[in-house]
Amino acid sequence: MSSGTHVIQVTNVSPSTTSEQMRTLFGFLGNIEELKLFPPDDSPLPVTSRVCFVKFHESESVGVSQHLTNTVFVDRALIVVPFHSMQHRPTNQLCMLD
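Everything in the sequence shown is counted per the numbering used here, starting at 73 for the first residue and increasing by one.
Okay, here's the thing in structure tokens:
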């Protein structure tokens, strides 16, 4: 079953986690096209939690990666969900985000 997206959002990421560690973890599940960790590794701001977006080459990797939800990585249980960009949301759903 495919969610139609190639991107996942990973929340509750430990502040000590690096983008390279995330690339290694999710690289086992499929070919990664792009990975962004926020705040970035070199951020001067104090960080309490991070968010990571992973774009896979294959949409099937999104479904597989969701099985990592509640997996403790470094010192936090990850939350992995499919991510659909804002441009694909109906207008009535955009209003609910305010």
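Glycine included, each C-beta is placed from N, C-alpha and C at the ideal position.
* Asked: Assuming Leu107 contacts Ser91 under a Cβ cut-off of 8 Å, what Cβ separation, rounded to an integer in Å, is found between them?
  -> About 6 Å separates the two Cβ atoms, so the contact holds.
* If we ignore side chains and look at the alpha-carbon of each, how far apart do Met168 and Arg148 end up? -> Low confidence applies to Met168: its pLDDT is 39, below 50, so where it sits in the model is not reliable, and the reading given next is rough at best. Spanning the two alpha carbons is a distance of roughly 29 Å.
* Below 6 Å CB to CB, which residues in the same chain sit around Ser86 once its five sequence neighbours on both sides are set aside? => Contacts found: Val146, Asp147, Arg148.
* Asked: Bridge partners of Pro107, per DSSP?
  -> According to the sequence displayed, residue 107 carries Leu and not Pro. The partner list for Leu107 (beta bridge, DSSP) reads Val126.
* Pick from Cys124, Gly76, Val136 that is closest to Leu109, judged by C-alpha positions -> Cys124
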